[in-house]
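J.:
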Amino acid sequence: MNMPCKKLQKSLVAFLAFVLTLASPNLLHAADLANGEKVFKANCALCHSLGTNKITGPGLDGVTKRVPQPFAEWMHKWIKNNAALRKSGDAYANKVYADNNSTAMTIFDGTLTDAQIDDVIAYIAAPPKAPGPDTTTVATGGGTSTGEKKGGGGWGILIIIGILAVIVTVLRTVRKSLQTVVDQKDGEKPTEERGVWGDIKHWIYHHKTKFAVICIFFFAVSTVYGWEYLWGIDVTPGYQPSQPINFMHKVHAGDNAIACLYCHSGAEKGKVAGIPTLNVCMNCHKGIQGSNPDYQKEIAKIYYAVGWDPAKADYTNPPHPVQWNRVHALPDFAYFNHSQHVVVGKVECEKCHGDVKTFTTDKQFAPLTMGWCINCHRETPVQMEGNGYYTKLHQAIKKNFGEDKKVTEADMGGLECGKCHY
Ligand code: HEC
Ligand code: HEC
Ligand code: HEC
Ligand code: HEC
Ligand code: HEC
Ligand code: HEC
């Protein structure tokens, strides 16, 4: 190939490399947010919502505006070690601590890397749009499962690839016309037209090593993604089946502050939390017929199901039992017991089920994988106080492990296969 053409090709490669460098922060950024979301769900969602409602910690809506600026710097220090930041005399840190009844937030120094903390800050600063609380659409039915959307970066990457394709096409055209000019000047026969595919083959033929490296790279990337995808099969956080009556936890456990255990009394007593029978509903709904047409329509379904005639105020109609669609289901070979967690472990329902008080339709919050159970058993300190029945046992454990060590469920045998598998 002649000189000018070689030069042109070099500058073309350089230009492409330049475009790629420009594009790569975007690619990286997309990955950051996805990772930030993961970090958030695994470490922060137990205590923080992205809305305005408080769980254990304040809702993080607008937090980047209320913390000291630049927010990323302050939040980094806070998330890494909030106790240290408070000790350093940081006024805002002490204020937010006092405002929250001096409930200490977890220290993440050692658990999260600096990069993970930055990712989660990026995610909090720009979370994907959450569907607003929706109280008007009642029983739209229809929907089966709205699996959680994974990784929002897909479109960005497609757009970048599209732009690159356009640039490559333009550059090819430019090169071709230049080549023709050069050829004409040199008095050579115009170089033969090979077409895109021909060009690619030509390039591969002359750059076998580079081609092999590219192949290996793509193979490695697809293996990694494929592996992650396979791990995700049948893991369904976000699973949200429709229900025969559009019962809203938001209206009951949220707005009307009915205790979870009023309806799910089983959670305190044994393995299964249980779904309340419609008789429990009728304790209230004999009197409450609904303050708006949407509610009335749904509450009428309870009356139909139990055979209640509101006009006669009596159970004179035939009953038509309701079948709720189950949201959570562990495989049969795994043993999970609510009272072990709720009563003995004093784990809040929200830790495993999310902020149910705001749900308008029930959904699965946690992944319910073995890894999820195990992680929590590794991290959660056993509640030593206020469990009369176990006081003696706990004192013995303290002696064993030393007063100061955080005794986790894992230390007590919570990782033994037989505890969770029949
Ligand atoms: C065990 C519960 C808990 C966990 C887990 C937790 N936080 Fe917090 N967080 C709190 C509490 C409580 C506060 C309020 C300040 C205080 O009392 O220390 C807080 C405050 C904050 C604030 C300041 C809020 C404001 O209104 O100014 C930010 C930001 C924050 N947390 C981010 C995070 C991030 C990010 C994670 C996950 C990496 C996380 N938190 C995990 C409980 C928690
Ligand atoms: C007024 C009664 C009532 C109250 C109070 C109530 N629930 Fe429920 N809950 C139900 C009914 C009925 C269902 C089944 C229908 C559905 O899934 O929407 C249900 C379903 C659930 C499910 C999903 C069950 C499954 O199928 O896997 C969870 C989890 C749950 N509730 C947790 C809670 C928590 C946590 C609270 C307290 C914040 C609470 N509930 C308060 C009545 C109630
Ligand atoms: C402790 C009292 C109480 C119990 C028990 C109760 N409800 Fe309600 N329910 C209410 C109140 C209060 C409202 C709000 C009524 C209004 O604002 O018009 C309501 C509203 C509703 C609505 C309309 C809003 C919505 O969630 O879609 C439905 C449907 C409903 N309840 C179903 C049930 C079912 C099913 C059960 C039994 C699992 C049940 N309720 C148990 C008090 C109760
Ligand atoms: C440590 C985690 C954890 C806590 C805490 C927890 N749950 Fe559950 N919950 C689960 C798991 C796991 C399942 C699925 C159980 C199964 O399929 O056998 C479940 C299932 C349920 C169901 C479906 C019916 C059933 O029992 O299978 C309801 C309702 C429920 N939980 C309500 C509650 C309520 C109310 C609380 C708080 C009082 C609570 N849960 C606390 C993990 C938890
Ligand atoms: C949010 C944290 C958390 C999650 C998630 C969790 N656990 Fe636990 N689990 C605990 C705590 C805390 C205890 C200890 C209770 C105590 O103090 O003895 C415990 C105790 C147990 C025990 C009794 C162990 C013993 O030593 O006797 C079993 C069995 C168990 N969990 C099974 C499961 C299974 C199965 C899952 C997943 C489906 C799960 N847990 C998810 C926190 C959790
Ligand atoms: C804290 C509770 C817990 C302990 C301890 C535990 N498992 Fe599991 N295991 C589960 C749960 C829950 C599932 C179901 C997960 C799912 O459906 O994805 C499961 C699933 C499995 C599976 C099916 C494959 C899979 O990932 O779904 C195998 C195999 C398994 N466990 C083996 C073991 C062995 C071996 C041990 C001991 C080293 C062990 N488990 C200890 C809770 C536990």
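So for the sequence shown, our numbering puts the first residue at 55; every next one is plus one.
We put the beta carbon where it would ideally sit given N, CA and C, even for glycine.
Which of helix, strand or coil does DSSP assign to Ala179?
T.: DSSP places Ala179 in helix when its eight states are reduced to three.
J.: By the 10 Å Cβ neighbour count, where 16 or more other Cβ atoms means buried, how is Trp251 classified, buried or exposed?
T.: The residue in question, Trp251, is exposed, as its Cβ has fewer than 16 Cβ neighbours within 10 Å.
J.: Using a Cβ-Cβ cutoff of less than 7 Å, which residues in the same chain neighbour His431 once the five nearest sequence positions on both sides are dropped?
T.: Excluding residues within five positions, the ones whose Cβ falls inside 7 Å are Thr462, Glu463, Ala464, Gly468 and Leu469.
J.: With a 10 Å radius around its C-beta and 16 neighbouring C-beta atoms as the bar for buried, classify Thr157 as buried or exposed.
T.: Thr157 is exposed by the Cβ-count criterion.
J.: Helix, strand or coil for Lys411? Go by DSSP, reduced to three states.
T.: If DSSP states are grouped into helix, strand and coil, Lys411 belongs with the helices.
J.: Pull every residue with its beta-carbon under 6 Å away from any heavy atom of ligand 2, and keep them in chain order.
T.: Every residue passing the under-6 Å Cβ criterion appears here: Gln297, Phe301, His303, His306, Ala307, Ile312, Cys314, Tyr316, Cys317, His318, Ile329, Pro330, Trp378, Arg380, Val381, His382, Cys403, His407, Val410, Lys411 and Asp416.
J.: Report yes if the C-beta of His431 is less than 8 Å from at least one heavy atom of ligand 5; otherwise report no.
T.: Flag set: Cβ of His431 near ligand 5.
J.: Taking C-beta to C-beta, are Gly90 and Val174 nearer than 9 Å?
T.: Their beta carbons are under 9 Å apart, which means Gly90 touches Val174 by this criterion.
J.: Only counting the same chain, and skipping five residues up and downstream in sequence, which positions put a Cβ closer than 7 Å to that of Val397?
T.: Only Glu322 meet the Cβ criterion.
J.: Tell me the DSSP secondary structure of Pro347 in three-state form.
T.: DSSP places Pro347 in helix when its eight states are reduced to three.
J.: Whether or not the region 346-353 and the region 417-435 are in contact is what I'm after, with contact meaning three or more pairs of Cβ atoms, one per stretch, closer than 8 Å; do they touch?
T.: Contact between the region 417-435 and the region 346-353 is absent, because fewer than three Cβ pairs lie under 8 Å.
J.: 9 Å is my cut-off, CB to CB: does Cys335 come that close to chain C?
T.: Included in the structure is just one protein chain, with no chain C present.
J.: Where does Tyr293 land, buried or exposed, given buried means 16+ other C-beta within 10 angstroms?
T.: So Tyr293 counts as buried.
J.: Let me know the secondary structure DSSP gives Leu422 once reduced to three states.
T.: In the structure shown, Leu422 sits in coil (DSSP, three-state: anything other than H, G, I, E or B).
J.: Keeping to the same chain, check which residues put their C-beta closer than 7 Å to that of Leu82; ignore five residues upstream and five downstream.
T.: Per-residue confidence for Leu82 stands at a pLDDT of 46, beneath the threshold of 50, marking its modelled position as unreliable; the derived number appears in the next sentence. Excluding positions up to five away in sequence, the list is empty.
J.: Going by C-alpha to C-alpha distance, which of His130, Leu87, Pro124 and Asp153 sits closest to Gly113?
T.: Minimum Cα distance to Gly113 is reached at Asp153.
J.: With Gln377 and Pro298 assumed to form a contact (beta carbons below 8 Å), what rounded beta-carbon distance in angstroms separates them?
T.: Right, their Cβ atoms sit about 6 Å apart.
J.: What are the boundary residues of the alpha helix (DSSP H) that includes Asn136?
T.: It spans Asn136 to Lys141 - the alpha helix (DSSP H) in which Asn136 sits, taken as one unbroken run.
J.: Spell out a yes or no on whether the region 399-410 and the region 334-341 are touching, meaning 3 or more CB-CB pairs, one atom from each, closer than 8 Å.
T.: No, the region 399-410 is not in contact with the region 334-341.
J.: Tell me the residue span of the alpha helix (DSSP H) that contains Val150.
T.: It spans Ala145 to Asp153 - the alpha helix (DSSP H) in which Val150 sits, taken as one unbroken run.
J.: What do you reckon, are the CB atoms on Gly328 and His318 nearer than 9 Å?
T.: The answer is yes: Cβ separation under 9 Å.
J.: Any idea which residues DSSP pairs Pro298 with across the strands?
T.: Pro298 is not bridged to any residue.
J.: If you measure between the beta carbons of Asn97 and Thr160, is that distance less than 9 Å?
T.: Taking 9 Å as the Cβ cut-off, Asn97 and Thr160 qualify as a contacting pair.
J.: Taking 8 Å as the cut-off, is the beta-carbon of Ile342 closer than that to any non-hydrogen atom of ligand 3?
T.: Under cutoff, so the answer is yes.
J.: Hey, Val381 and Pro295 are a contact pair by Cβ (cut 8 Å); roughly how many whole angstroms apart?
T.: With 8 Å as the limit, Val381 and Pro295 qualify as a contact, their Cβ atoms being about 6 Å apart.
J.: How is the alpha helix (DSSP H) around Asn337 delimited, first residue to last?
T.: Where Asn337 is concerned, the enclosing alpha helix (DSSP H) stretches over Leu332 to His339.
J.: In chain order, what are the residue ranges of uninterrupted alpha helix (DSSP H) at least 4 long that sit wholly in the region 345-385?
T.: The region 345-385 contains these whole alpha helix (DSSP H) runs: 347-360.
J.: Where does Ala13 sit, in a helix, a strand or coil, going by DSSP?
T.: The chain is shown from 55 up to 476; residue 13 falls before or after that span and cannot be answered.
J.: Hey, out of Leu447, Ile211, Pro421 and Met466, whose CA is closest to Glu433's CA?
T.: For Glu433, the nearest C-alpha among the options comes from Met466.
J.: Got a sec, what are the start and stop residues for the alpha helix (DSSP H) Arg248 sits in?
T.: Looking at the DSSP string, Arg248 is not in any alpha helix (DSSP H), and its letter there is neither H nor E.
J.: Rounding to the nearest angstrom, what Cα-Cα distance links Asp172 and Ser142 in this structure?
T.: The straight-line gap from Cα to Cα measures roughly 21 Å.
J.: Which word fits Phe273, buried or exposed, when buried means at least 16 other C-beta atoms lie within 10 angstroms of its C-beta?
T.: Looking at its Cβ environment, which holds fewer than 16 other Cβ atoms inside 10 Å, Phe273 is exposed.
J.: Is Pro112 near ligand 1 - that is, is its Cβ less than 8 Å away from at least one heavy atom of it?
T.: Checking every heavy atom of ligand 1 against the Cβ of Pro112, one is found closer than 8 Å.
J.: Going straight from the alpha carbon of Lys134 to that of His102, what length do you get?
T.: Their backbone Cα atoms lie some 16 Å apart in a straight line.
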